[in-house]
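Trainee: Numbering-wise, the sequence shown is residues 4 to 279 according to the working numbering.
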Amino acid sequence: MTEKAKEILIKTRRRFFGQNIGNNVSVFQGNGLDFSELKEYVYGEDVKKINWKVTAREQKPYINVFNEERELNIVSAFMVSGNIYFGSIRQKSELMSEILTIIGYSAIKNSDKFTAFFFSDKEERFFKPTKNINSIYPILESSLSIDPLGKKVDYKNFNDYVLKRIKRKSILFILGDFFEEVDFAFLSAKHEIYAIIVRDRFEENPFLPSEVDLYDPKTLRGESFYMDSSVLKEYKKEIEKKDRKLKEHFLKNRVKFTKIYTDEDPFLKLSELFRK
Numbered sequence: 004m005t006e007k008a009k010e011i012l013i014k015t016r017r018r019f020f021g022q023n024i025g026n027n028v029s030v031f032q033g034n035g036l037d038f039s040e041l042k043e044y045v046y047g048e049d050v051k052k053i054n055w056k057v058t059a060r061e062q063k064p065y066i067n068v069f070n071e072e073r074e075l076n077i078v079s080a081f082m083v084s085g086n087i088y089f090g091s092i093r094q095k096s097e098l099m100s101e102i103l104t105i106i107g108y109s110a111i112k113n114s115d116k117f118t119a120f121f122f123s124d125k126e127e128r129f130f131k132p133t134k135n136i137n138s139i140y141p142i143l144e145s146s147l148s149i150d151p152l153g154k155k156v157d158y159k160n161f162n163d164y165v166l167k168r169i170k171r172k173s174i175l176f177i178l179g180d181f182f183e184e185v186d187f188a189f190l191s192a193k194h195e196i197y198a199i200i201v202r203d204r205f206e207e208n209p210f211l212p213s214e215v216d217l218y219d220p221k222t223l224r225g226e227s228f229y230m231d232s233s234v235l236k237e238y239k240k241e242i243e244k245k246d247r248k249l250k251e252h253f254l255k256n257r258v259k260f261t262k263i264y265t266d267e268d269p270f271l272k273l274s275e276l277f278r279k
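#1: Could you name the residues of the same chain whose beta carbon sits closer than 8 Å to that of residue 135, not counting the 5 residues immediately before and after it, in chain order?
#2: Verify whether the separation of the beta carbon atoms of residue 181 and residue 249 is less than 7 Å.
#3: Considering only residues of the stretch 84-151, which uninterrupted alpha helix (DSSP H) runs meet the minimum length of 4 residues and lie entirely inside it, listed in chain order?
#4: Short of 7 Å in beta carbon distance, which residues of its chain neighbour residue 15, apart from the five on each side in sequence? Order them along the chain.
#5: Would you mind stating whether residue 185 and residue 123 have Cβ atoms separated by less than 7 Å?
#6: If you compare alpha carbons, which of 243, 257, 235 is closest to residue 175?
#7: Does DSSP put residue 42 in a helix, a strand or coil?
#8: Between the alpha carbons of residue 128 and residue 245, how many angstroms are there, rounded?
#9: Any idea if residue 59 is buried or exposed, counting beta-carbon neighbours within 10 angstroms, 16 or more meaning buried?
#10: Grab the span of the beta strand (DSSP E) containing residue 201 for me, first residue to last.
#11: Compute the Euclidean distance between the alpha carbons of residue 54 and residue 65, then round it to the nearest angstrom.
#12: With distances taken Cα to Cα, identify the nearest neighbour of residue 238 among 209, 204, 86.
Next comes the structure, spelled out in structure tokens:
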């Protein structure tokens, strides 16, 4: 295992078992249950099932009783594009690897099946559903070793692929920078989608000298540009316009989303997302 993979795994384990998390080891806590009735709490029962609203009203503890626990199918899609080979603090691809590890670790610790795949304009790699915590290691290594240069994301191909490949209704996490056009209208009707937008602040608010040589990691072509303040202002406006359109699309199609920058803590941002 590489040093970077070890570092991410150790960090993830510490966050799950440290004081910040306590007994709640899953970001999916409370999902996958068929509610049946309420009953008075008996010492030794799972305190996480306490219904706090009813408890406060009745002045004694009540817990939720469920008919059955349904195993969740958690799927993570790692979108492979030359764009992710960038970062002023750390590379976006590395941040995506950490997010992928957190999601996978959480799913398996919650006894749910975890599936991961890597996609550009086609399938790059696929890891079949697993409940084995050791399966996180090769997935993480794969995310760190995959070469995104020269690749670009095609979301139409992605939608077709997911509909054919992921048959069972799933919680689908899509990890990428989302600079491309997306349409999840049909996909969100079948799956519960979480879009994890990974960005570097420099991409949205660049400070550049007047003359720069820019390299496109998707086409592998370089070109010289003159970038004065008016050009940068127009660029930022275009990014904001695209992001507004993206947000409107997500809200319209019930896609839950968050944006995580390369200088932010992904664990905290994911925890905030699941508390909404």
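Yeah, the Cβ is synthetic: ideal placement off N, Cα and C, and Gly gets one too. In this text the structure is predicted, and so the values were computed from the model without any measurement.
Mentor: The structure says:
#1: As a working mapping, residue 135 is identified with position 132 in the sequence shown. Result list for residue 135: 111, in chain order.
#2: Along the sequence shown, one-based indexing puts residue 181 at 178. Along the sequence shown, one-based indexing puts residue 249 at 246. Against a cut-off of 7 Å, the Cβ pair of residue 249 and residue 181 comes out as a contact.
#3: 95-112, 139-148
#4: For the purposes of this step, residue 15 is taken as residue 12 along the sequence shown, with counting starting at 1. Counting only Cβ-Cβ distances below 7 Å, and skipping sequence neighbours, we find 104, 105, 108.
#5: Start at 1 with the first residue of the sequence shown, and residue 185 comes out as number 182. Start at 1 with the first residue of the sequence shown, and residue 123 comes out as number 120. For residue 185 and residue 123, no; Cβs fall outside 7 Å.
#6: Taking the sequence shown and counting its residues from 1, the one referred to as residue 175 is at position 172. Nearest of 243, 257, 235 to residue 175, Cα basis: 257.
#7: For the purposes of this step, residue 42 is taken as the residue at position 39 of the sequence shown. Residue 42 falls in the strand class under three-state DSSP.
#8: Within the sequence shown, numbered from 1, the residue matching residue 128 stands at position 125. Within the sequence shown, numbered from 1, the residue matching residue 245 stands at position 242. Each residue's Cα considered, the two are about 29 Å apart.
#9: Within the sequence shown, residue 59 is the residue found at index 56, counting from 1. Exposed, since its Cβ has fewer than 16 Cβ neighbours within 10 Å.
#10: Along the sequence shown, one-based indexing puts residue 201 at 198. Segment 195-202, the beta strand (DSSP E) holding residue 201.
#11: Within the sequence shown, residue 54 is the residue found at index 51, counting from 1. Within the sequence shown, residue 65 is the residue found at index 62, counting from 1. About 6 Å.
#12: Looking up residue 238 in the sequence shown gives position 235. Of the listed residues, the one whose Cα sits closest to residue 238 is 209.
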